[in-house]
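S.K.:
Numbering (the numbering used here), first residue to last: 3 to 425.
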């Protein structure tokens, strides 16, 4: 063990932890003192580990690594993504080292001879080059991840975890051949290089696909919002005309009411007031909140309630923004509202209460349901005929943002409670 070995291990740990910090969403526990401590501890562990090739060696270095511990403590990503980002650097290191070893050995000796290669001065530059390639590769992957700002669900990340496990298992067997010098080096060099390029391209494509899909969903959402704003603008114009008409008539109506009172015709006075109030109630007023998604959904369901004959009451006390993308916000709250409408019976009254407490937004939906209904019927989309709209999706979105959702039935009322962190 030399000072150069310690330095290289330090550089490698620095690159890995910078990658993790850029790739993941750091929480408020993170600070640069802990960051430095983890780099130094990682350097010590890697320097004193007896690393061997093959399956045994790979699992030795992975299990003494502090990557997952760092992710577990200082990041808010899903557990699947924490596992992925903890393992990924070592898969890339294996592929880079294998490719450079084969290539350099073939150039110097015209054969695979990793033992002799380690004795040459070229080995020094080989190690330096491997860390440079590691830095640029991990930087590109972290950059692609940052372009996609949302959290990745466990279902999505399973794909990438399976990919890197598959590649690593293939390479582990190739690696034992590389360092025992017992196969055509050109074939192995091409295989390792293709595996490396394939993995990087797949990861880059994966995040690029997520970003494009998000942009497409955003376009659809913006189109819906534009339609809603246009419709609201025209209705506001009509409402303004109606309000002007009512204001013009108000003086005459009040004079008529006073005349009825003076003549002790109280019943006629009441009828005049009720008639005027009916005209006022016909005018639809739009709510304005701190989120365009809330604007859209609450006004949409308010209008729909009038058209379909149910009651929609709401109370919004939300100052800060919710930590959720517009697309997921629309799906989460939209599906929850549709479920309340779908299962509402009796007076067909829907109540929505939105409030914030302790850095969380609380959404509560309440409606009367059939006495035979059970919460499990709703939460399990495969059970019975009472399953709701997108329950599985709602649960996944809530979990995606470290939130929660629950359905309970109390006194024949279905109560949906959703909790999402604030920004």
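Note that the Cβ used here is the ideal one computed from N, Cα and C, for glycine as well.
(1) Roughly how far, in whole angstroms, is the beta-carbon of residue 124 from the beta-carbon of residue 140, given that I think they are within contact range, below 8 Å?
(2) Given a threshold of 16 other Cβ atoms within 10 Å of its Cβ, counted over all protein chains shown, does residue 330 qualify as buried or as exposed?
(3) Just checking my contact of residue 69 with residue 18 at CB under 8 Å: how many whole Å lie between their CB atoms?
(4) Using CA coordinates, which residue listed in 145, 149, 361 and 74 is at the minimum distance from residue 428?
(5) Identify the continuous alpha helix (DSSP H) that holds residue 8 and give its terminal residues.
(6) For residue 346, which option in 372, 366 and 335 has the closest C-alpha, if you only look at C-alpha atoms?
(7) Since residue 418 is in the alpha helix (DSSP H), which residue starts that stretch and which ends it?
(8) Are the region 341-359 and the region 307-315 in contact at 8 Å, needing three or more beta carbon pairs?
(9) Does DSSP put residue 406 in a helix, in a strand, or in coil?
(10) If you reduce the DSSP assignment to three classes, tell me which class residue 122 lands in.
(11) Tell me the rounded alpha-carbon separation between residue 204 and residue 89.
(12) Name the two residues that bound the continuous beta strand (DSSP E) containing residue 305.
(13) Quick one: residues in its chain with C-beta nearer than 6 Å to the C-beta of residue 369, no 5 flanking neighbours on either side, listed in chain order?
(14) Which word fits residue 79, buried or exposed, when buried means at least 16 other C-beta atoms lie within 10 angstroms of its C-beta?
(15) Do residue 323 and residue 425 come within 8 Å of each other at the CB atom, strictly closer than that value?
(16) What did DSSP end up calling residue 205 once you bin it into helix, strand or coil?
(17) Straight-line CA distance for residue 207 to residue 413?
(18) So, helix, strand or coil for residue 47, using DSSP?
(19) Residue 336: which of 321, 320 and 306 sits nearest, CA to CA?
(20) Could you check whether residue 102 and residue 201 sit closer than 8 Å to each other, using their CB atoms as the reference points?
(21) Considering only the alpha carbon of each residue, which of 137, 171, 219 and 213 lies closest to residue 194?
(22) Taking its Cβ as the centre, do 16 or more other Cβ atoms sit within 10 Å of residue 136, making it buried, or is it exposed?
(23) Within a Cβ cutoff of 6 Å, which residues of the same chain sit near residue 41, ignoring the five residues on either side of it in sequence?
(24) So what does DSSP say about residue 56, is it helix, strand or coil?
(25) Along the chain, where does the beta strand (DSSP E) containing residue 364 start, and where does it finish?
(26) For residue 99, report the span of its alpha helix (DSSP H) as first-last.
(27) Using the beta-carbon count (16 or more within 10 Å), is residue 46 buried or exposed?
(28) Just checking my contact of residue 216 with residue 108 at CB under 8 Å: how many whole Å lie between their CB atoms?
(29) What are the start and end residues of the beta strand (DSSP E) that includes residue 373?
(30) For residue 67, which residues in the same chain have their Cβ closer than 6 Å to its Cβ, ignoring the five residues on either side in sequence?
(31) Among residues of its own chain, excluding the 5 on either side of residue 91, which ones have a beta-carbon nearer than 6 Å to its beta-carbon?
(32) Candidates 401, 418, 402 and 403: which alpha carbon is nearest residue 409's?
(33) Throw me the rounded Cβ distance for the residue 292 and residue 321 pair, which I believe falls under 8 Å.
(34) When DSSP labels each residue in this structure, what does residue 355 get in the three-state scheme?
(35) Taking 8 Å as the limit between beta carbons, can you name the residues of its chain near residue 339, skipping five residues before and five after?
M.R.: So, from the data block:
(1) In the chain shown, counting from the first residue as 1, residue 124 sits at position 122. In the chain shown, counting from the first residue as 1, residue 140 sits at position 138. Between residue 140 and residue 124 the Cβ distance is about 24 Å, and since that is not below 8 Å, they are no contact.
(2) Residue mapping note: residue 330 aligns to position 328 of the chain shown, counting from 1. Buried is the call here.
(3) Sequence index remark: in the chain shown, residue 69 carries index 67 (1-based). Sequence index remark: in the chain shown, residue 18 carries index 16 (1-based). Right, their Cβ atoms sit about 7 Å apart.
(4) No answer is possible for residue 428: it lies beyond the span of the chain, which begins at 3 and ends at 425.
(5) As a position in the chain shown, residue 8 is number 6, starting the count at 1. Run containing residue 8: 5-25, per the alpha helix (DSSP H) assignment.
(6) Numbered from its first residue, the chain shown carries residue 346 at position 344. Comparing Cα positions, the closest option is 372.
(7) What you label residue 418 is simply residue 416 of the chain shown in a count that begins at 1. Unbroken run through residue 418 is the beta strand (DSSP E), 415-423; no alpha helix (DSSP H).
(8) Here the region 341-359 lies against the region 307-315, with 3 or more beta-carbon pairs under 8 Å apart.
(9) Residue mapping note: residue 406 aligns to position 404 of the chain shown, counting from 1. Taken through DSSP and simplified to helix, strand or coil, residue 406 comes out as strand.
(10) Here the question's residue 122 lines up with position 120 in the chain shown. Coil, per DSSP.
(11) For the purposes of this step, residue 204 is taken as residue 202 along the chain shown, with counting starting at 1. For the purposes of this step, residue 89 is taken as residue 87 along the chain shown, with counting starting at 1. Distance between the alpha carbons of residue 204 and residue 89: 16 Å.
(12) Start at 1 with the first residue of the chain shown, and residue 305 comes out as number 303. Segment 294-310 is the alpha helix (DSSP H) holding residue 305; no beta strand (DSSP E) there.
(13) Against the chain shown, residue 369 aligns to sequence position 367. For residue 369, where only same-chain residues beyond five positions count, the Cβ hits under 6 Å are 342, 346, 352 and 416.
(14) Here the question's residue 79 lines up with position 77 in the chain shown. With 16 or more Cβ atoms within 10 Å of its Cβ, residue 79 is classed as buried.
(15) Within the chain shown, the letter at position 423 stands for residue 425. Within the chain shown, the letter at position 321 stands for residue 323. Yes, they are a contact pair.
(16) As a first step, residue 205 is located in the chain shown; it is residue number 203 there, counting from the start. Note: residue 205 maps to helix in three-state DSSP.
(17) In the chain shown, the residue the question calls residue 207 occupies position 205. In the chain shown, the residue the question calls residue 413 occupies position 411. Using only the alpha carbons, I get a separation of about 51 Å.
(18) Within the chain shown, numbered from 1, the residue matching residue 47 stands at position 45. Three-state result, residue 47: helix.
(19) Along the chain shown, read from residue 1 onward, the residue named residue 336 stands at position 334. The shortest C-alpha separation from residue 336 is found at 306.
(20) Residue 201 sits at position 199 when you count from the first residue of the chain shown. Residue 102 sits at position 100 when you count from the first residue of the chain shown. Result no, Cβ atoms of residue 201 and residue 102 do not sit closer than 8 Å.
(21) Reading the chain shown from its first residue, position 192 is the one you call residue 194. It is 171.
(22) Position 134 of the chain shown, counted from the first residue, corresponds to residue 136. With 16 or more Cβ atoms within 10 Å of its Cβ, residue 136 is classed as buried.
(23) Within the chain shown, residue 41 is the residue found at index 39, counting from 1. Cβ neighbours of residue 41 beyond the five flanking positions: 15, 16 and 19.
(24) Within the chain shown, the letter at position 54 stands for residue 56. Below a pLDDT of 50, predicted positions are generally treated as unreliable, and residue 56, at 48, falls in that range; no measurement from the model is reported.
(25) Working through the chain shown from its first residue, we reach residue 364 at position 362. Judged by DSSP secondary structure, residue 364 falls within the beta strand (DSSP E) whose first and last residues are 362-370.
(26) Within the chain shown, residue 99 is the residue found at index 97, counting from 1. Unbroken alpha helix (DSSP H) run through residue 99: 81-111.
(27) Locating residue 46 in the chain shown gives position 44, counting from the first residue. Per the 10 Å Cβ criterion, exposed.
(28) In the chain shown, the residue the question calls residue 216 occupies position 214. In the chain shown, the residue the question calls residue 108 occupies position 106. Residue 216 to residue 108, Cβ: 44 Å. No contact.
(29) Against the chain shown, residue 373 aligns to sequence position 371. From DSSP, residue 373 is part of no beta strand (DSSP E); its letter is neither H nor E.
(30) For this step, residue 67 is matched to residue 65 along the chain shown. Correct list: empty, nothing qualifies.
(31) Counted from its first residue, the chain shown places residue 91 at position 89. The residues are 18.
(32) As a position in the chain shown, residue 409 is number 407, starting the count at 1. The shortest C-alpha separation from residue 409 is found at 418.
(33) As a first step, residue 292 is located in the chain shown; it is residue number 290 there, counting from the start. As a first step, residue 321 is located in the chain shown; it is residue number 319 there, counting from the start. Right, their Cβ atoms sit about 7 Å apart.
(34) In the chain shown, residue 355 corresponds to position 353, counting from 1. Here residue 355 sits in strand by DSSP.
(35) The count along the chain shown starts at 1 and reaches residue 339 at position 337. Excluding residues up to 5 positions away in sequence, 299, 303, 352, 354 and 367 lie with their Cβ nearer than 8 Å to the Cβ of residue 339 in the same chain.
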